[in-house]
Amino acid sequence: MRPSTDRSLKPIADGRRWNFVPDPGQMALRPQVSGNTISGLGERAVRRPTPVYWQKPASIAHGRMQEWFEQRPIGESVRAALARRQAVMDTPMPERAETRQRKSPREWSAGVRERALAFDADLVGVTAFRADWVYADRAAPQYPWCIVLGVGQDYAQMRYAPQEPAGTEVLVQYGRILSAARRLSGWIRTQGWDAEPFGSPTPATFPLIPAAIAAGFGELGKHGSIINRIWGANFRLAAVLTDLPLQADRADVFGADEFCRNCRVCEKACPVDAIAPLPQLVRGVERWYVDFDRCQFFFNEHLGCSICTTVCPWSRPGIAPGLLAKMARRSLPVERAGAAGQ
Ligand code: SF4
Ligand code: SF4
Numbered sequence: 433m434r435p436s437t438d439r440s441l442k443p444i445a446d447g448r449r450w451n452f453v454p455d456p457g458q459m460a461l462r463p464q465v466s467g468n469t470i471s472g473l474g475e476r477a478v479r480r481p482t483p484v485y486w487q488k489p490a491s492i493a494h495g496r497m498q499e500w501f502e503q504r505p506i507g508e509s510v511r512a513a514l515a516r517r518q519a520v521m522d523t524p525m526p527e528r529a530e531t532r533q534r535k536s537p538r539e540w541s542a543g544v545r546e547r548a549l550a551f552d553a554d555l556v557g558v559t560a561f562r563a564d565w566v567y568a569d570r571a572a573p574q575y576p577w578c579i580v581l582g583v584g585q586d587y588a589q590m591r592y593a594p595q596e597p598a599g600t601e602v603l604v605q606y607g608r609i610l611s612a613a614r615r616l617s618g619w620i621r622t623q624g625w626d627a628e629p630f631g632s633p634t635p636a637t638f639p640l641i642p643a644a645i646a647a648g649f650g651e652l653g654k655h656g657s658i659i660n661r662i663w664g665a666n667f668r669l670a671a672v673l674t675d676l677p678l679q680a681d682r683a684d685v686f687g688a689d690e691f692c693r694n695c696r697v698c699e700k701a702c703p704v705d706a707i708a709p710l711p712q713l714v715r716g717v718e719r720w721y722v723d724f725d726r727c728q729f730f731f732n733e734h735l736g737c738s739i740c741t742t743v744c745p746w747s748r749p750g751i752a753p754g755l756l757a758k759m760a761r762r763s764l765p766v767e768r769a770g771a772a773g774q
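Take a look at the structure:
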């Protein structure tokens, strides 16, 4: 069921100018330390990430801001989406079967893809799991493989970002991806192998974006989310870690990074100028970066915002093939480097 759209709301295409002043109650909860410092902005040395948000509130500096967000008054459609996601969380998963089924990594990978799509995922990719993706304060899960799943969002609803129809749609899709990850984990267990789902709303053990890029979902965009060649940035992620023997997909480098160097759409649309125009040094790597401190106040007061990912030209349904063709004509590096993401 889709959230109903209040006729008084206007889509972001209306070119609204924001004059945002953060709620003083939220401002008062701001910690001394910057989220950018925690993230490692400006650091030259490579290191494992430190969690900034979406954790047990007592364990992070921004925990009181996270609680403030989680305790905001919500509308009926948001409440219903949260309840549906909780019902997914509460559905038991099977134990691992005692007998291990045996197949080749290629056959298992094909089976995983088929099952994931049958469980309502739109995107599937596989990568070797890397311990250096895991937050520095956690023990790395002992699994060799990471299956990344994605579900697309209804663009007609996301056009209302940062208002309730978009926030509701995000939660609806998090419920859907959580269901796919749990059902896939359950299926792998019935084959006699270990599998564990990861994704919202469980506190994150590792950020999903690096794994998704490695699994062939696309490239990091200037807005800090992945640009996929089909869905743009209009999708949500979850993952399954497993010891099922699999075959890795390859990264899909098709020119999105290059495109971002000549595009300023998300930068200009961000109400709080949080999106850096040029790549920044973060824990020893030059990459696109969103200023956590600037984004977070607006994000918290607008149901997760999503303006930047929605205005991204790649996210508009039907636009990506034309962009890819245009880039190919300009001889930008359009390369289909992996089978993932189909
Ligand atoms: S999510 Fe954050 S970075 Fe993106 S538009 Fe909203 S405030 Fe800006
Ligand atoms: S809006 Fe433009 S600059 Fe921003 S992520 Fe999308 S393509 Fe890149």
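FYI, the numbering for the sequence shown is 433 to 774, going by the working numbering.
Every residue, glycine too, gets a C-beta built ideally from N, C-alpha and C.
Span of the beta strand (DSSP E) holding residue i?
{"i": "T741", "result": "Run containing T741: none in the beta strand (DSSP E); it sits in the alpha helix (DSSP H), 739 to 743."}
{"i": "V717", "result": "717 to 719"}
{"i": "E628", "result": "627 to 630"}
Excluding the 5 residues preceding and the 5 following residue i in the sequence, name in chain order all residues of the same chain whose CB lies nearer than 6 angstroms to its CB.
{"i": "Q605", "result": "V583, Q585, R668"}
{"i": "G607", "result": "R516, R517, V520"}
{"i": "P749", "result": "Y587"}
{"i": "M497", "result": "L461"}
{"i": "C578", "result": "T559, F561, A643, A671, L673"}
{"i": "G754", "result": "none"}
{"i": "Q774", "result": "Model confidence at Q774 stands at a pLDDT of 30, short of 50, so the residue's coordinates are unreliable; what they give is reported in the following sentence. Nothing listed; no residue qualifies."}
{"i": "G495", "result": "P489"}
{"i": "L678", "result": "P537, W540, S541, V558, W577"}
{"i": "Y567", "result": "P481, P483"}
{"i": "D689", "result": "E651"}
Who does residue i pair with in a DSSP beta bridge?
{"i": "W577", "result": "A560, T674"}
{"i": "L652", "result": "I658"}
{"i": "L713", "result": "E718"}
{"i": "F667", "result": "G584"}
{"i": "I707", "result": "V722"}
{"i": "L473", "result": "V714"}
{"i": "L461", "result": "Paired residue(s): none; L461 is not in a bridge."}
{"i": "L555", "result": "G582"}
Which same chain residues end up closer than 7 angstroms to residue i when comparing Cβ atoms and leaving out the 5 residues on each side of it in sequence?
{"i": "A665", "result": "G653, H655, S657, I658, I659, T741, C744, W746, S747"}
{"i": "D564", "result": "R480"}
{"i": "A757", "result": "none"}
{"i": "R570", "result": "T637"}
{"i": "A699", "result": "The residue asked about is misnamed: residue 699 is Glu in this sequence, not Ala. These residues qualify, in order along the chain: K654, I707, P709."}
{"i": "P576", "result": "A560, F561, D675"}
{"i": "W619", "result": "R547"}
{"i": "W450", "result": "P703"}
{"i": "L603", "result": "V510, A513, L514, R517"}
Going by alpha carbons, who is nearest to residue i out of the options?
{"i": "S466", "options": "L756, P753, F729, M759", "result": "F729"}
{"i": "D705", "options": "P573, V722, R693", "result": "V722"}
{"i": "F691", "options": "M759, Y485, L616", "result": "M759"}
{"i": "R534", "options": "D675, L710, P711, H734", "result": "D675"}
{"i": "F452", "options": "A680, A548, P594", "result": "P594"}
{"i": "L473", "options": "R715, W720, Q458, A512", "result": "R715"}
{"i": "A572", "options": "W619, V556, P639, L514", "result": "P639"}
{"i": "A513", "options": "V717, G599, A613", "result": "G599"}
{"i": "A477", "options": "I641, L713, D522", "result": "L713"}
{"i": "G457", "options": "N732, V566, G557, S617", "result": "N732"}
{"i": "N468", "options": "R661, P505, R726", "result": "R726"}
{"i": "I751", "options": "R504, I662, I645", "result": "I662"}
{"i": "F551", "options": "T523, E502, M590, L610", "result": "L610"}
{"i": "T634", "options": "R762, Y485, R693", "result": "Y485"}
{"i": "P454", "options": "D554, V717, P703", "result": "P703"}
{"i": "D684", "options": "E475, C695, G650", "result": "G650"}
Let's see if you can read the secondary structure: which residues bound the alpha helix (DSSP H) around residue i?
{"i": "Q487", "result": "First-last for Q487: undefined, no H or E at that position."}
{"i": "A646", "result": "640 to 646"}
{"i": "T637", "result": "Note, T637: premise wrong, no alpha helix (DSSP H); not H, not E."}
{"i": "R614", "result": "596 to 622"}
{"i": "L756", "result": "752 to 761"}
{"i": "K700", "result": "697 to 701"}
{"i": "M497", "result": "495 to 502"}
{"i": "E530", "result": "E530 -> no alpha helix (DSSP H), and no H or E assigned at all."}
{"i": "W540", "result": "537 to 550"}
{"i": "F691", "result": "688 to 693"}
{"i": "Q518", "result": "508 to 522"}
Once the 5 residues before and after residue i are set aside, which same chain residues still bring their CB inside 8 angstroms of it?
{"i": "A529", "result": "R621, T622, Q623, G624"}
{"i": "V766", "result": "Here the model assigns V766 a pLDDT of 48, short of 50, so the residue's position is not dependable, and the following value carries that caveat. Taken in chain order, the residues that qualify are F686, G687, L756, M759, A760."}
{"i": "W500", "result": "G457, Q458, L461, N732"}
{"i": "S617", "result": "M525, A627, E628, P629, V672, T674"}
{"i": "A548", "result": "V556, I579, L581, A612, L616"}
{"i": "E527", "result": "R621"}
Return no unless some Cβ of chain C is closer than 8 angstroms to the Cβ of residue i.
{"i": "L713", "result": "Absent here is chain C; the protein component of the structure consists of one chain."}
For this session: Examine the Cβ distances between the stretch 626 to 640 and the stretch 538 to 550 and report whether three or more of them are shorter than 8 angstroms.
Result: no
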